[in-house]
Every structure is written in C-alpha cells, then in structure tokens.
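Participant: Sequence lines, in order, name chains A and B. Read in order, the letters of the first sequence are residues 1 to 309 in my numbering. Read in order, the letters of the second sequence are residues 1001 to 1299 in my numbering.
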Amino acid sequence: MAKQKNIKPTVPKYRRKESLTAWLFSTPAIILLVLFLIVPFVWAIWLSFTNQRLIPNPNLPTEFVGLRNYIRLFQDETFQRGLLNNFYFIAVVVPIQTSLALALAMLINQQLKGMNLFRTVYFAPVVTAMTVVSIVWTLLYNPGEGLINAFLQAISFGRLGPYNWLLDTKLVFPAIMLLSIWQGVGFQMVIYLAGLQEIPHALYEAAQVDGASGWQQFKHITLPQLRNTTIFVVLSTTIMAFKLFDQVQVMTNGGPQNASMTTMVYVVEMGWGQLKVGYASAISIVFFVIVLFVSLIQRYLTREKGSAA
Amino acid sequence: MMTAQEKSPRRSFKRQKRVKKWLTYLLMILLAIFFMFPIVFMLMSSIKNNEFQVVTDMSSLRAFLPIGDLGFQNYKDVFESQNFGHLMFNSVIIMLLTVITGLFVNSMIAYALARLRFKGKKFLLSTIISLIIIPFESVAIPLLVLVNHLPWFGGETSWLDSYQVQIIPFIADAFSIFLFYQFFIDIPKDLEEAALIDGASYFGIYWKIVLPLSKPIFATVAILQALNSWNRFMWPLMVTRGPDVRPLTVGIQSYFGQDPRLWGDLMAFASLITIPVLIIFLLFQKWFVRSVASTGIKG
C-alpha cells in the first residue's frame, strides 16, 4: 500500500491473479459441497413428490405423485409416533441435560484442587462411541439381574423392580433418555465452562461487596451473562434430539410396538429398509423444516442482544 | 448456626467453608461414579472369561471388581471370530483420509474467503454459512440414491461397499470452513503483505505463513472431524453390506445382533473400540476441551 507508485501499473494483473487463486482454492470444497450436500438436498425435494424406489422396478416406472407422500405422512401413525417421541425426548432431556451441564460446569469451575480430574471423568463418555454406549447400557438394563435393576432393588429395599426396561413400552424411551444424557452432558458442560470463564470476575466481587447471597449472584449475574450460551445449548440439544438415531437403532430398532420410534429411525427404515426413497425423502424434508425452524429461532434470539459473540 | 454463633465469627466462617468444601467433593465424587460406572463395568466384564459370570456378577458389586476366572479369552475371540484387526484398519483409514483431506480442502477455501479479494466472495461466504443449517441426516436418503449410481475409476458403477463412499462426502464441511474462516480473519496481515512484495505466491503464503500460525484451529477442526468420523454409524450402516469396508461401529452392531449374545466378547469388543480413543483423549485433553468449546460460537 505504501509503495503505490511502483505497484500501480501491475494492479489489474495482480487482481486477476488474486481472483483466480481464490477460485482455485475454493473449487475443491465447492465441488464437494455441491455434489454431496446441495444436489442431494434439492433432489430430496424432487424425490419427495415421486414414488421413486432405491432399486427401480422395471414394471413400476417412477412417477410424479404430487403431494401424495405428504398426505400419507399425516395419516401414518408410525411417523407421528416417531415425531411425537422426538418431542417427548426434547421435553425431558433438554431441561435435564442443560441444567445438569450448567451445574457440572459450575462445580468444576471452582478454585479447588483436582478439578481437572473431575472434568476428565465427566467428559469421558463424550468420546465413547454411541454404538458402544448403547451396547454396554443394554447389558446394564438387562431384565432380571441387570445392574440397574439390582441397584434399584438395593436402594428401595426390594420394593422397586425388577423391570423389563427395553421390552416395556412405557420404560423403553426413558431408558434411552438416561443413557443419552449420560453420554451427551459432558459436551454441553464444556461449552458452559467456556461461557462461565468469560464472565468478568469484577461482577461477582461487586456483588459480594453489596452482600449478595450465592443464589442472588447466580440469578442476577451468572444466568444473565450465560444467556447466549444457554440459548445455544438448549437449541443445539433440541436439534440433536431430532437427529436421535444411533442408540435407538442399536438397542431397540424403534420397538417394542414402535414405543421408541423416532423420525430418523423411520426415515432409514423407509428409505433403506423398505427402499421407499420417495416417501423417506418426504419425511427428510419435514425433518429439515423443523431443524431449520429451530436454527432460525436460535439465530434470531442470539442476534437480538449481544452481537459481540 | 446456633453453635457457630457461640464461637468467634471468624472460626465459624472457616469451618463453614470447610464443610462446604467437603460437601462439594462428596457431590462431585458421586457424580464421578455416575459417569464412570458403565466404563468400569465394561472393562471389568471384558476380562471375565466365563460368559455366565459376566451376567450373574451384575446383581452385586462384583460387577465392578476383577474377580473369578480372569484373562483375555474374550479379546482373543473378538480378534479371531470378528476379524477385529480388519475393522479397526477400516475405521482408522476412513478417519485419517477424511480428516487430512478435509483439513486442506476446508482451510483453503476459508483462506480464500478470509484473505483474498474476488468477485462473488460475499455470496460464497453467506452460502456456506447457511449450509451449516442443513443436517446430513436430511440428505442421507437422496445421497444414498446418488452414490448408488456414481462411477469410480476401476469402472465400477456404484459407490456402495467402498471406502470412498465413507470418506468423500464428509471431506468438505461447512462448519469447519466457518471455524477456519473465523480464525484466519484475525491473523495480522503484515506478514503476508511483506511476503507478497517479496514475490511469494498465494499458495506459498498459505503454506509457509498462514499454516504455521494456525496450528490451534487445525487441531480443533481435526479433533471434531476425527470424533465424527470415528463415531459415524447411520451412513456406514446403509452403504456397507459386508465386513470388507465396514467400520467398527457397524461391526459391533452387527455382532450385537447375532444370537446368542456373548456378553463377555461384546464387552471386549466395546473396550477395544473405546480404549484407544480414551488414551488419545487423555493425552490431548486440553485440545479436546478447546475443540468442543469452540462449537459454542456457532450461529
């Protein structure tokens, strides 16, 4: 910039080179994103209006069926059960997981010895594959002499249980919720921890001088300062809840009697299991619209106040 | 409180503080037990040679103790009957290739977006940011139809049952691009300008100046991508039919589906998948925590 006198004549050529390099650097990512994200996405919309099958049947050519897939969705009890279960999961897991994550973060954020060790322990389930977690917990939920049954019987002096966790239509979904919280809460804890560490210490010092109690400090400093973090944690947990798949697929495959069916398990069952790609695409589109809606709420809420983050 | 008032206020305050400290530790230890018990249970069960003992031990604390006929028979079984070595190889090769190519592809476009001037930059950036919203799950089914008809170099007409089908769709990642972009935009420009005047190429600047300055963000993205790849389950379940190119997650699920369930073998299998990741996590803990914390800025 300072030596403009010398550079001036070469600027146009320079600019062209810069622009060319930029596109060259961007091309691999653009091609991959178009081919594996944008094309399938647009195609999903198209497929959802057809009766396309994964392996085309020569006797049944693919036809445009208009809104038939979407109309069928509204009459499909299994789909509704799946969607309802996703909402059930959100209603229970989101509040519990969010508050537990905040509590854990506040615990390990204290100036005490050994906090790093506790952080490691609480976070360890996050790096354990969900398929592994599901299999280990299936054994823990073993009917009869399973560890969880044994524990409940011990603390209730034999009054509770034994339960048939994964085969009972009322218990199967709460059982899946518990292991999901166990595996996922460490992730949100770390995000909360980062949020806590950004709160200026002076705020607490000032409050202590004014004689504010611990609860008052939490309510009037910690919570408001963590507003954006909380919005992020709540809504990202909500989106994860809509994606619920691995643990259900491994443990129950949606059963018994669809009691643990979820939207994604149904998408895979329809599209991959029964090869009904058109119908599965329609469910995928409904799923996407819901996720989009949640993401837009998040962007709106976090933009409103502090755009500094 | 009553007794505290009788003593000097300072001492009672100190005592109160100490009691609070011990209660905190007690609570944290109880929580630690909650988070550790399934992992300890898995490891202990995996070294019990007797399949019946694994189940019968569960009704007592014996489940967490190394008691009975101990050994590595279960581990041997998993290696021999389930070809664990090959599944491990599949998972590792898929993860490494996804992460390494992903680091290049995503950081290069992010470098262009953060540093170079070109037409259409704003449009490209806002498109990529809006792509973050599209979850992979919503395109999985049409993508399955697509990869079923894609050609490959050996003359194959479908990508099903291949390594590339588990790697290539996951290389470019809008969120990783966004993380790189945010980091690059904050690097001071002085060095690059000096290098440009000295006649360095843009690739030279990216390679010799930006890369060395950006190790933290490369580590962050690498860890997030590696964890995703290692744990990926739904997609490999749909695109692999046999054990040839199958990753560990699908391998253990398929073994789990076979009757009779040999719990000792299953726990050994589960331990074999978990132990390497736990070791890597313990070694690079700070980086893991930092990576996860960085996802919080999304949106």
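Even for Gly, the Cβ is constructed at its ideal location relative to N, Cα and C. Model, not experiment: these values are computed from the prediction.
Buried or exposed: R166 (chain A), going by 16 or more other Cβ atoms within 10 Å of its Cβ?
Facilitator: Locating residue 166 (chain A) in the first sequence gives position 166, where the first residue counts as 1. Residue identity differs from the one stated: residue 166 (chain A) is Leu in this sequence, not Arg. Buried: at least 16 other Cβ atoms inside 10 Å.
Participant: With 16 as the cutoff for other CB atoms within 10 Å, does W215 (chain A) come out buried or exposed?
Facilitator: As a working note, residue 215 (chain A) is residue 215 in the first sequence. Exposed.
Participant: Check each residue of the stretch 189–222 of chain A: if its Cβ is closer than 8 Å to any Cβ of chain B, include it; give the result in chain order.
Facilitator: If the cut-off is 8 Å between Cβ atoms, the stretch 189–222 of chain A has V190, I191, L193, A194 and G195 near chain B.
Participant: Expressed to the nearest angstrom, what Euclidean distance is found between the alpha-carbon atoms of I1167 (chain B) and F41 (chain A)?
Facilitator: Translated into positions along the second sequence, residue 1167 (chain B) becomes position 167. Translated into positions along the first sequence, residue 41 (chain A) becomes position 41. The straight-line gap from Cα to Cα measures roughly 19 Å.
Participant: Return the first residue and the last residue of the alpha helix (DSSP H) that E205 (chain A) is part of.
Facilitator: Here residue 205 (chain A) refers to the residue found at position 205 when the first sequence is read from its first residue. H201 to V209 is the extent of the alpha helix (DSSP H) around E205 (chain A).
Participant: Can you tell me whether F64 (chain A) is helix, strand or coil according to DSSP?
Facilitator: Position 64 of the first sequence, counted from the first residue, corresponds to residue 64 (chain A). It is a strand residue.
Participant: Less than 9 Å between the C-beta atoms of F1175 (chain B) and A1114 (chain B), yes or no?
Facilitator: Against the second sequence, residue 1175 (chain B) aligns to sequence position 175. Against the second sequence, residue 1114 (chain B) aligns to sequence position 114. Cβ atoms of F1175 (chain B) and A1114 (chain B): not closer than 9 Å.
Participant: Relative to the alpha-carbon of V289 (chain A), which residue among B:P1188, B:E1137, B:M1058 and B:L1031 has its alpha-carbon at the smallest distance?
Facilitator: Within the first sequence, numbered from 1, the residue matching residue 289 (chain A) stands at position 289. Nearest C-alpha to V289 (chain A): B:E1137.
Participant: Going straight from the alpha carbon of I239 (chain A) to that of I1133 (chain B), what length do you get?
Facilitator: Here residue 239 (chain A) refers to the residue found at position 239 when the first sequence is read from its first residue. Here residue 1133 (chain B) refers to the residue found at position 133 when the second sequence is read from its first residue. Roughly 10 Å between the two C-alpha positions.
Participant: Would a check of beta-carbon distances place K17 (chain A) closer than 9 Å to chain B?
Facilitator: If you number the first sequence from 1, residue 17 (chain A) lands on position 17. Yes, K17 (chain A) counts as interfacial toward chain B.
Participant: Below 9 Å between beta carbons: does that hold for Q1301 (chain B) and T131 (chain A)?
Facilitator: Because chain B in this structure spans residues 1001 to 1299, residue 1301 (chain B) falls outside the shown range and cannot be described.
Participant: Tell me which residues share the same chain as L112 (chain A) and place their Cβ nearer than 6 Å to its Cβ, disregarding the 5 neighbours each side in the sequence.
Facilitator: Position 112 of the first sequence, counted from the first residue, corresponds to residue 112 (chain A). Excluding positions up to five away in sequence, the list is empty.
Participant: Is it right to say D246 (chain A) is buried, meaning 16 or more other beta carbons lie within 10 angstroms of its own, or is it exposed?
Facilitator: Here residue 246 (chain A) is taken as the residue at index 246 of the first sequence, counted from 1. Looking at its Cβ environment, which holds 16 or more other Cβ atoms inside 10 Å, D246 (chain A) is buried.
Participant: Which residue's Cα is closest to the Cα of P256 (chain A): A:Q97, A:I176 and A:V92?
Facilitator: Counting from one through the first sequence, the residue named residue 256 (chain A) turns up at place 256. The shortest Cα separation from P256 (chain A) among A:Q97, A:I176 and A:V92 belongs to A:I176.
Participant: Can you list, in chain order, the residues of its chain with a C-beta nearer than 6 Å to that of W1230 (chain B)? Leave out the 5 residues immediately preceding and following it.
Facilitator: The count along the second sequence starts at 1 and reaches residue 1230 (chain B) at position 230. Cβ within range, chain order: M1095.
Participant: Nearest CA to the CA of I96 (chain A): which residue from A:G184, A:I45, A:Y204 and A:I71?
Facilitator: The count along the first sequence starts at 1 and reaches residue 96 (chain A) at position 96. Out of A:G184, A:I45, A:Y204 and A:I71, A:G184 has the C-alpha closest to the C-alpha of I96 (chain A).
Participant: Under three-state DSSP, which class holds T50 (chain A)?
Facilitator: One-based indexing of the first sequence puts residue 50 (chain A) at position 50. Here T50 (chain A) sits in strand by DSSP.
Participant: Going straight from the alpha carbon of I1280 (chain B) to that of T1295 (chain B), what length do you get?
Facilitator: Position 280 of the second sequence, counted from the start, is the residue given in the question as residue 1280 (chain B). Position 295 of the second sequence, counted from the start, is the residue given in the question as residue 1295 (chain B). Approximately 20 Å, taken between the alpha carbons.
Participant: Residues of chain B with CB closer than 8 Å to the CB of Y122 (chain A), please, in chain order.
Facilitator: Taking the first residue of the first sequence as position 1, residue 122 (chain A) is located at position 122. Under the 8 Å cutoff, chain B gives L1031, A1032 and F1035.
Participant: Could you say if the stretch 1242–1252 of chain B and the stretch 1019–1028 of chain B meet the contact criterion of at least three C-beta pairs nearer than 8 Å?
Facilitator: Taking 8 Å as the limit for Cβ pairs, the verdict is that the stretch 1019–1028 of chain B does not touch the stretch 1242–1252 of chain B.
Participant: Could you tell me if P1135 (chain B) is buried or exposed, where buried requires 16 or more neighbouring beta carbons within 10 angstroms of its beta carbon?
Facilitator: For the purposes of this step, residue 1135 (chain B) is identified with residue 135 of the second sequence, where counting begins at 1. Classification of P1135 (chain B): buried, given that the 10 Å Cβ count is 16 or more.
Participant: Excluding five sequence neighbours on each side, which residues of the same chain lie with their C-beta closer than 6 Å to the C-beta of F1123 (chain B)?
Facilitator: As a first step, residue 1123 (chain B) must be located in the second sequence, where it is residue number 123. So no residue of the chain qualifies.
Participant: So what does DSSP say about M1002 (chain B), is it helix, strand or coil?
Facilitator: Reading the second sequence from its first residue, position 2 is the one you call residue 1002 (chain B). Low confidence applies here, because M1002 (chain B) scores a pLDDT of 49, under 50, leaving its location unreliable and the question unanswered by this model.
Participant: Starting from E145 (chain A), trace the alpha helix (DSSP H) both ways and give me its first and last residue.
Facilitator: Within the first sequence, residue 145 (chain A) is the residue found at index 145, counting from 1. Per DSSP, E145 (chain A) belongs to no alpha helix (DSSP H) and is neither H nor E.
Participant: I'd like the list of long-range same chain contacts for M1042 (chain B), defined as Cβ closer than 8 Å, with 5 residues on each side in sequence excluded.
Facilitator: The residue given as residue 1042 (chain B) occupies position 42 in the second sequence. The answer, listed in chain order, is M1267, A1270, S1271 and T1274.
Participant: In terms of residue numbering, what span does the alpha helix (DSSP H) encompassing Y1206 (chain B) cover?
Facilitator: Looking up residue 1206 (chain B) in the second sequence gives position 206. Unbroken run through Y1206 (chain B): none, as it is neither H nor E.
Participant: Closer than 8 Å, Cβ to any Cβ of chain A: which residues of the stretch 1213–1239 of chain B, in chain order?
Facilitator: Cβ contacts with chain A: L1227, W1230, N1231, F1233, M1234, L1237 and M1238.
Participant: Under 7 Å Cβ-Cβ, which residues of chain A neighbour Q1253 (chain B)?
Facilitator: In the second sequence, the residue the question calls residue 1253 (chain B) occupies position 253. Those within 7 Å of Q1253 (chain B) in chain A are T131 and V250.
Participant: So, at 8 Å on beta carbons, what are the nonlocal neighbours of A207 (chain A) in its own chain, with the 5 sequence-adjacent residues on each side left out?
Facilitator: Translated into positions along the first sequence, residue 207 (chain A) becomes position 207. These residues qualify, in order along the chain: Q216, Q217, H220 and I221.
Participant: Note down the Cα distance separating K1121 (chain B) from I1187 (chain B), rounded to an integer number of angstroms.
Facilitator: Translated into the one-based positions of the second sequence, residue 1121 (chain B) becomes position 121. Translated into the one-based positions of the second sequence, residue 1187 (chain B) becomes position 187. If I take the Cα positions, the gap works out to 19 Å.
Participant: For V1165 (chain B), is the classification buried or exposed, using 16 other Cβ atoms within 10 angstroms of its Cβ as the cut-off for buried?
Facilitator: Locating residue 1165 (chain B) in the second sequence gives position 165, counting from the first residue. So V1165 (chain B) counts as buried.
Participant: Quick one: Cα of F1084 (chain B) to Cα of L1278 (chain B), how far?
Facilitator: As a working mapping, residue 1084 (chain B) is identified with position 84 in the second sequence. As a working mapping, residue 1278 (chain B) is identified with position 278 in the second sequence. Cα to Cα, F1084 (chain B) sits roughly 18 Å from L1278 (chain B).
Participant: Examine the Cβ distances between the stretch 1036–1053 of chain B and the stretch 1065–1073 of chain B and report whether three or more of them are shorter than 8 Å.
Facilitator: The answer is yes - the stretch 1065–1073 of chain B touches the stretch 1036–1053 of chain B, with three or more Cβ pairs under 8 Å.
Participant: Quick check: the Cα distance between M1001 (chain B) and V1019 (chain B), rounded to an integer number of angstroms?
Facilitator: As a working mapping, residue 1001 (chain B) is identified with position 1 in the second sequence. As a working mapping, residue 1019 (chain B) is identified with position 19 in the second sequence. Unreliable positioning characterises M1001 (chain B) in this predicted model, as indicated by a pLDDT of 46, which lies under 50. A coordinate reading is not provided.
Participant: Taking contact to mean 3 or more Cβ pairs, one atom from each stretch, closer than 8 Å, check whether the stretch 150–161 of chain A and the stretch 49–66 of chain A are in contact.
Facilitator: With a cut-off of 8 Å, the stretch 49–66 of chain A and the stretch 150–161 of chain A do not count as touching, because too few Cβ pairs lie within range.
Participant: Can you give me the C-alpha to C-alpha distance between G1264 (chain B) and M1058 (chain B), rounded to a whole angstrom?
Facilitator: Along the second sequence, one-based indexing puts residue 1264 (chain B) at 264. Along the second sequence, one-based indexing puts residue 1058 (chain B) at 58. Looking at the two C-alpha atoms, the distance is approximately 12 Å.
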